[in-house]
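A short write-up of the structure that comes next.
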Amino acid sequence: MAATAARRAAFDLALRIERDSAYADEMLHSARVGRLEERERAFVTELLKGSLRRRGELDHLISRRLRKALSSLDIEVLTCLRLGAYQLRFMGGVAPHAAVSESVELAKWARKRSAAPLVNAILRRLPPSPPPVEGARLSHPAWLMNRWQALFGRESCNAFLMANLRRPATYFRIPPPTVRRKALERLRRAGVEAEPTDVPRAYRLTSGDVRAARATLGDRFVRFQDINSQRVGGLLDPEPAGLVLDLCAAPGGKARLLAESSHVVAADRYRHRLRVMRRLGISGIQLLALDAERKLPFSCQFGRVLVDAPCSGTGTLARNPEIKWRLRPTDLRILSRRQERILGNALDVLAPGGSLVYATCSLEPEENEDVVEAAMRARPGWQSRKVLSTLPGRDPGDGFQAWRIRRPVA
Ligand SMILES: C[S@@+](CC[C@H](N)C(=O)[O-])C[C@H]1O[C@@H](n2cnc3c(N)ncnc32)[C@H](O)[C@@H]1O
11 MAATAARRAA
21 FDLALRIERD
31 SAYADEMLHS
41 ARVGRLEERE
51 RAFVTELLKG
61 SLRRRGELDH
71 LISRRLRKAL
81 SSLDIEVLTC
91 LRLGAYQLRF
101 MGGVAPHAAV
111 SESVELAKWA
121 RKRSAAPLVN
131 AILRRLPPSP
141 PPVEGARLSH
151 PAWLMNRWQA
161 LFGRESCNAF
171 LMANLRRPAT
181 YFRIPPPTVR
191 RKALERLRRA
201 GVEAEPTDVP
211 RAYRLTSGDV
221 RAARATLGDR
231 FVRFQDINSQ
241 RVGGLLDPEP
251 AGLVLDLCAA
261 PGGKARLLAE
271 SSHVVAADRY
281 RHRLRVMRRL
291 GISGIQLLAL
301 DAERKLPFSC
311 QFGRVLVDAP
321 CSGTGTLARN
331 PEIKWRLRPT
341 DLRILSRRQE
351 RILGNALDVL
361 APGGSLVYAT
371 CSLEPEENED
381 VVEAAMRARP
391 GWQSRKVLST
401 LPGRDPGDGF
411 QAWRIRRPVA
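In the numbering used here, the protein residues as written are 11 to 420.
Following this line, the structure appears as structure tokens:
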């Protein structure tokens with residue numbers, strides 16, 4: 011019996027994430043997954059993201075039944091074991107015998123036939139969950155856990171770590187000019203229930219499949235966007251009919267929100283990411299490919315600028331769990347230097363009296379306070395104020411930090 015198409019897809023995606031540093035969300039939007047039935051897509055998403063969120067715990071359980079080091083296993087075999095262990099310990103809807111036999115079939119399908127008995131033996135005798143070791147239960151690299159405990163204190167850190175292990179809530183936006191009441195009524199008829207949030211036009215899904223509803227209603231009607239990403243889009247206080255520069259714009263969540271009230275110049279370094287935005291064809295957004303680490307090619311200045319900087323993404327680990335296994339301590343300084351260059355160039359094109367929002371979905375001071383403070387030291391008389399700070403586990407949604415920087419009139 012061959013392993014199911016959904017498990018084969020989850021396996022292939024997991025390998026690409028491991029070998030090519032691919033992103034789970036991008037993989038899950040690929041044509042390969044798109045061809046699966048809705049139920050299978052949901053299965054792949056849960057299996058892939060869940061096994062990444064809990065990888066520390068799964069590896070701990072597997073290694074307790076292994077007579078050699080985990081690192082000595084072929085990555086294909088380890089992936090079969092992780093996916094199988096996740097089904098056994100975290101997917102109540104999967105019968106244990108199916109989780110084991112499907113993983114054995116998966117190993118054979120992945121040309122690791124000789125490892126099939128090992129996969130079978132380990133999964134059949136997998137220890138119970140949760141394991142007694144706290145570090146393994148929390149499923150994060152030790153250096154990150156130690157760092158966050160020092161930064162946030164033990165209680166907030168533990169709440170944050172636990173939040174990263176759960177499937178995040180789904181937020182969406184009903185953009186203008188759509189009338190909210192009518193949109194919600196149509197969603198209800200499509201089986202979707204949602205509750206309002208404190209952010210105007212932002213809703214939290216409470217039941218139903220909003221993706222299926224969006225397929226029918228269209229994405230001008232319902233747009234997925236984290237609640238705090240929507241907050242960042244609203245921080246800029248746009249001038250009526252003004253022009254906004256969004257310097258790191260793709261895939262365009264905040265640019266589209268800004269375009270609800272302003273004309274937007276949406277720039278990004280990567281043309282392929284801008285092409286995705288172009289396909290959406292939003293009016294009021296002009297797209298531009300540029301490298302914001304270099305001097306910007308504008309002859310004018312902007313009254314409003316958004317820098318939603320490329321960052322480590324440590325505020326989004328429930329949504330992007332692969333990041334925690336990839337990040338290295340040295341990455342933070344490298345990112346910080348890059349962010350300093352981008353923010354400096356952005357401030358150079360900010361008009362007198364104008365304001366700029368600098369935001370990241372990182373929780374690390376190197377990418378936040380340090381960057382803003384360096385920019386302010388170089389610009390005496392300019393003002394900066396922290397305007398957003400959210401922490402998963404303490405606040406709803408992803409972790410975001412944002413500052414508003416004002417340039418004096420003269
Ligand atoms: C956090 S994401 C922006 C998300 C976007 N603002 C949104 O709301 O959908 C950061 C973006 O910065 C872009 N980027 C990275 N390096 C850049 C650079 N040197 N110049 C311009 N854009 C860059 C990345 O391609 C990525 O799209």
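Think of the CB as a built atom: it goes at the ideal place given N, C-alpha and C, for glycine as much as any other residue.
Going by DSSP, residue 216 is part of the beta strand (DSSP E) stretching over 212-217. If you ignore the 5 residues before and after residue 339, its C-beta comes within less than 7 Å of the C-beta of 153, all in its own chain and listed in chain order. In this model, residue 390 and residue 42 are separated by some 53 Å (Cα to Cα).
Secondary structure of residue 416 (DSSP, three-state): strand.
Taking a contact to require three or more Cβ pairs closer than 8 Å, the region 227-240 and the region 199-217 qualify as touching. Ranked by Cα distance from residue 48, the first of 254, 100, 222 and 191 is 222. Apart from sequence neighbours up to five positions away, the residues of its chain that approach residue 364 with a beta-carbon distance below 8 Å are 311, 312, 313, 314, 315, 416 and 417, ordered along the chain. Shown here, residue 96 sits in a helix according to DSSP, grouped into three states. Cβ contact annotation for residue 265 (same chain, cutoff 6 Å, sequence separation greater than five): 256, 259, 274, 276 and 295, in chain order. The Cβ-Cβ distance between residue 302 and residue 350 does not fall below 9 Å. DSSP lists 277 as the beta-bridge partner residues of residue 298. The criterion of a C-beta distance shorter than 9 Å is not satisfied by residue 362 and residue 317. Closest in alpha carbon position to residue 87, among 24, 143 and 330, is 24. DSSP, read as helix, strand or coil, puts residue 361 in strand. Judged by beta-carbon spacing, residue 401 lies within the 9 Å limit of residue 162, meaning their Cβ atoms are closer than that value. The Cβ atoms of residue 21 and residue 60 do not sit closer than 9 Å to each other. Residue pairing for residue 206: DSSP places it in a beta bridge opposite 213. The beta carbon of residue 188 sits closer than 6 Å to those of 231, all from its chain and outside the five residues before and after it, given in chain order. DSSP places residue 369 in the strand class (E or B) of the three-state scheme.
Within the model, the alpha-carbon separation for residue 170 versus residue 18 is close to 32 Å. In this structure, residue 35 has its beta carbon at no less than 8 Å from each heavy atom of ligand 1. Uninterrupted beta strand (DSSP E) stretches at least 3 residues long and entirely within the region 314-400 occur at 360-370 and 393-399, given in chain order.
Between residue 228 and residue 202 a beta carbon distance of about 14 Å is seen, past the 8 Å cut, so the two are scored as non-contacting. Short of 7 Å from the beta carbon of residue 284, and not among the five residues preceding or following it, lie these beta carbons of its own chain, in chain order: 260, 278, 297 and 299. Annotation for residue 181 indicates a beta carbon at 8 Å or more from all heavy atoms of ligand 1.
In this model, residue 378 and residue 398 are separated by some 11 Å (Cα to Cα).
Going by DSSP, residue 182 is part of the beta strand (DSSP E) stretching over 181-183. Inclusion of residue 72 and residue 28 in the CB contact set at 9 Å is not warranted, their separation being larger than that value. Check the Cα spacing between residue 329 and each of 173, 199 and 392: the tightest is with 173. Shortest Cα-Cα distance from residue 247 to any of 182, 414 and 199 involves 414. Annotated as distal: residue 64 and residue 33, with beta-carbon spacing of 9 Å or more. Listed in chain order, the beta strand (DSSP E) elements of length 3 or more contained wholly in the region 40-64 amount to none. Classified as buried, residue 185 has 16 or more neighbouring CB atoms from the shown chains inside 10 Å of its CB. In the DSSP assignment, residue 253 falls within the unbroken beta strand (DSSP E) covering 253-256.
Counting C-beta atoms within 10 angstroms of its own C-beta, residue 213 has 16 or more neighbours from the protein chains shown and is therefore classed as buried. Annotated three-state conformation of residue 234 is strand, per DSSP.
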